[in-house]
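*Asks:* Each residue of the sequence shown is one higher than the one before, starting from 0 at the first, in numbering that gives the first Met the number 0.
Virtual Cβ for every residue (Gly too), placed ideally from N, Cα, C.
None of these values were measured; they are calculated from a predicted model.
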Amino acid sequence: MTDMDGAQNGELPLVVITGGLGRVATVVLPALRERYRVRLVDRATTGTRTAEVVQADIGEPEAAHRAFAGAEAVLHLAGNSSPWQTWDSVYAANVRTTQIVLEAAAAHAVPKVVLASSIHALGEYNRPAYWPVDPRLDPRPCCPYGLGKVVLEALGRTHAERTGASVTCLRLGLTGWPPTERRYLGQWLSDGDAGRLVLAALRGGERYGVHFGVSANSRNQWDITSARHELGYRPEDDSEAFADRAGPSSGPVCRLFDPEISD
Numbered sequence: 000m001t002d003m004d005g006a007q008n009g010e011l012p013l014v015v016i017t018g019g020l021g022r023v024a025t026v027v028l029p030a031l032r033e034r035y036r037v038r039l040v041d042r043a044t045t046g047t048r049t050a051e052v053v054q055a056d057i058g059e060p061e062a063a064h065r066a067f068a069g070a071e072a073v074l075h076l077a078g079n080s081s082p083w084q085t086w087d088s089v090y091a092a093n094v095r096t097t098q099i100v101l102e103a104a105a106a107h108a109v110p111k112v113v114l115a116s117s118i119h120a121l122g123e124y125n126r127p128a129y130w131p132v133d134p135r136l137d138p139r140p141c142c143p144y145g146l147g148k149v150v151l152e153a154l155g156r157t158h159a160e161r162t163g164a165s166v167t168c169l170r171l172g173l174t175g176w177p178p179t180e181r182r183y184l185g186q187w188l189s190d191g192d193a194g195r196l197v198l199a200a201l202r203g204g205e206r207y208g209v210h211f212g213v214s215a216n217s218r219n220q221w222d223i224t225s226a227r228h229e230l231g232y233r234p235e236d237d238s239e240a241f242a243d244r245a246g247p248s249s250g251p252v253c254r255l256f257d258p259e260i261s262d
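#1: In angstroms with no decimal places, state the Cα-to-Cα distance between A63 and Y232.
#2: Quick one, which of I57, V27, E102, A68 has its alpha-carbon nearest L13's?
#3: Just list the residues that DSSP pairs W187 with in beta bridges.
#4: Would you kindly check if the distance between the Cβ of V15 and the Cβ of A77 is under 8 Å?
#5: Decide if H228 is buried, meaning its Cβ has at least 16 other Cβ atoms within 10 Å, or exposed.
#6: Quick check: the Cα distance between A128 and A55, rounded to an integer number of angstroms?
#7: Let me check understanding here. Comparing Cα to Cα, which of L31, L255, W86, T96 lies closest to E265?
#8: Kindly identify the DSSP beta-bridge partner or partners of F211.
#9: Using the C-alpha atoms, what's the distance from E61 back to E239?
#10: Taking the alpha carbon of R101 as the reference point, which residue from P143, P134, S80, S165 has its own alpha carbon closest?
#11: Are the region 144-162 and the region 219-227 in contact at 8 Å, needing three or more beta carbon pairs?
#12: In terms of alpha-carbon separation, which member of D133, D222, A120 lies closest to C141?
#13: With DSSP collapsed to three states, give me the class of E205.
#14: Enumerate in chain order the residues of its own chain whose CB-to-CB distance from V318 is below 8 Å, with the five nearest sequence positions on each side excluded.
#15: I believe L75 touches A108 by the beta-carbon criterion, under 8 Å. Please report the beta-carbon distance rounded to the nearest angstrom.
#16: Can you give me the start and stop residues for the alpha helix (DSSP H) that L146 sits inside?
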């Protein structure tokens with residue numbers, strides 16, 4: 000496997016980020032640019048001078064194949080993150096796109112793939128009886144979006160087994176936003192910790208792994224022990240700094256939150 004922390008032939012390793020102009024990519028880009036060459040792939044036309052940008056629809060197989068040329072790692076962030084969408088939308092925007100991304104990665108023999116999953120994949124466990132939720136529990140998605148992430152993880156496992164690539168799935172919590180509501184305090188991932196988590200995942204050589212991605216929050220609802228021990232993730236931030244300013248719930252999201260305890 001390529002040493003993702005070192006240069007190859009005097010040049011830094013290339014990481015291709017799908018959804019490269021989106022919220023999560025913008026958050027982790029500063030950390031990645033310190034160690035890698037970065038190619039951002041996005042349908043948006045807005046450019047950036049901090050990295051190479053390729054305008055392409057990653058859901059088109061030929062576009063994905065072209066975008067991954069020379070990649071030593073792929074960070075797949077593209078997709079529709081709305082918990083209100085229908086299964087048809089989830090399949091088109093998230094499931095099918097992930098399959099295309101993995102096929103393109105296989106065609107280029109990319110040795111490392113990091114897939115953005117979500118805590119919604121185990122959203123039905125977000126109840127006091129299960130806190131902190133163990134990532135090894137059987138999936139119990141709380142909405143079609145979460146179900147799509149369960150499928151994404153299964154696709155990632157199959158890809159690892161068939162190709163020998165290292166695949167890491169990160170079940171991200173609230174990323175790119177401050178926890179302005181109390182119900183988000185237990186699932187917040189700070190900007191700095193998001194960068195630290197993705198760097199740890201890119202370095203990791205596990206054949207296949209699934210880990211929760213949240214900060215070192217005092218309200219410990221999602222167990223990040225595996226991310227600490229297996230990836231070397233070292234979170235530094237705690238949502239408790241926002242607790243005095245966090246307000247009540249603004250309304251229903253999905254079954255990730257029990258209405259009786261969502262505040």
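*Replies:* Taking the definition as stated:
#1: Those two C-alpha atoms are separated by around 29 Å.
#2: Nearest of I57, V27, E102, A68 to L13, Cα basis: A68.
#3: W187 is bridged to L173.
#4: No, the Cβ-Cβ distance between A77 and V15 is not below 8 Å.
#5: Looking at its Cβ environment, which holds fewer than 16 other Cβ atoms inside 10 Å, H228 is exposed.
#6: In a straight line, the C-alpha of A128 is about 44 Å away from that of A55.
#7: Shown here, the chain extends from 0 to 262; a query on residue 265 therefore has no answer.
#8: Looking at the DSSP assignment, F211 forms a beta bridge with R170.
#9: Approximately 46 Å between the Cα atoms of the pair.
#10: It is Leu, not Arg, that sits at residue 101 in the sequence shown. For the options P143, P134, S80, S165, the alpha carbon positioned closest to that of L101 is the one of S165.
#11: No: the two stretches stay apart, fewer than three of their Cβ pairs being nearer than 8 Å.
#12: Looking at the Cα atoms, A120 is the closest of the given residues.
#13: Of the three classes helix, strand and coil, the one that applies to E205 here is coil, per DSSP.
#14: No answer is possible for residue 318: the residues shown for the chain start at 0 and end at 262.
#15: Correcting the residue identity first, residue 75 is His in this sequence and not Leu. Rounded to whole angstroms, the Cβ separation of H75 and A108 is 16 Å, and the two are not in contact under 8 Å.
#16: Judged by DSSP secondary structure, L146 falls within the alpha helix (DSSP H) whose first and last residues are 143-162.
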